[in-house]
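Residue numbers (our numbering): 2 to 178. Read through the structure below, which is laid out as structure tokens, and then see the notes.
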């Protein structure tokens with residue numbers, strides 16, 4: 002069993018001890034209030050890899066939000082002269098473009114490069130990979146009507162999803178170190 006130092010007197014104490022044998026300081030309270038395994042304290046500096054992953058993720062979210070704006074402009078008839086009708090398919094396309102990048106952007110800005118769980122990174126990696134695959138598949142199948150004829154829309158979607166994939170892979174690699 003490894004030895005730990007008593008927080009009060011600094012003498013070495015067995016890792017199994019509940020109290021220091023020299024000064025009587027309780028070591029159980031420190032055990033329950035200490036860091037959890039895999040968690041980094043907030044006072045440590047953020048690594049450059051974590052900062053890069055956050056920055057790439059933020060730009061990916063901005064690209065997806067720009068795609069949303071272009072999509073909304075196309076729906077209002079900008080460039081075509083005639084607005085498209087709003088259907089349930091419109092809601093199904095607009096909801097992921099609105100909700101998911103906004104949630105990810107808020108999460109990235111709040112965590113600021115600090116990762117506490119691999120679950121969220123794995124979740125965003127899965128969603129962004131699926132989104133990237135759908136955009137590439139629709140573009141390769143020649144289904145330009147899915148993008149309402151706006152030429153920049155599939156590229157913004159592909160770049161946004163690709164940057165989020167890169168960001169989450171990079172953050173997963175940084176988290177492992």
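Every residue gets a Cβ at the ideal spot worked out from N, C-alpha and C, and that includes glycine.
For residue i, which three-state DSSP category applies?
i           : result
residue 77  : coil
residue 5   : strand
residue 15  : strand
residue 129 : helix
residue 27  : strand
residue 41  : In this prediction, residue 41 scores a pLDDT of 47, lower than 50, which makes its location untrustworthy; the coordinate-derived value is nonetheless stated afterwards. Coil at residue 41, not helix or strand.
residue 163 : helix
residue 47  : coil
residue 168 : helix
residue 122 : helix
residue 88  : coil
residue 61  : helix
residue 115 : coil
To which residues of the same chain is residue i closer than 8 Å at the C-beta, ignoring the five residues directly before and after it?
i           : result
residue 95  : 69, 72, 73
residue 127 : none
residue 174 : 50
residue 97  : 132
residue 162 : 61, 65, 129, 130, 132, 133, 136
How would you call residue i, buried or exposed, if buried means at least 16 neighbouring beta carbons within 10 angstroms?
i           : result
residue 157 : buried
residue 172 : buried
residue 164 : buried
residue 11  : exposed
residue 131 : exposed
residue 153 : exposed
residue 55  : buried
residue 36  : Note that residue 36 has pLDDT 48, beneath the 50 cutoff, so the model's placement of it is unreliable and no number is given.
residue 118 : exposed
residue 57  : buried
residue 169 : buried
Leaving out five residues on either side along the sequence, give the residues of the same chain with a beta carbon under 7 Å from the beta carbon of residue i.
i           : result
residue 141 : none
residue 29  : 19
residue 52  : 114
residue 67  : 157
residue 166 : 126, 129, 130, 133
Based on DSSP bridge pairs, tell me the residues matched to residue i.
i          : result
residue 20 : 27
Apart from the five residues just before and just after residue i, which ones in its own chain have a Cβ nearer than 6 Å to its Cβ?
i           : result
residue 4   : 13
residue 9   : 24, 26
residue 110 : none
residue 59  : 109
residue 47  : 114
Between residue i and chain B, is the shortest Cβ-Cβ distance under 8 Å, so that the two count as touching?
i           : result
residue 126 : Reference to chain B is not applicable here, since this structure consists of a single protein chain.
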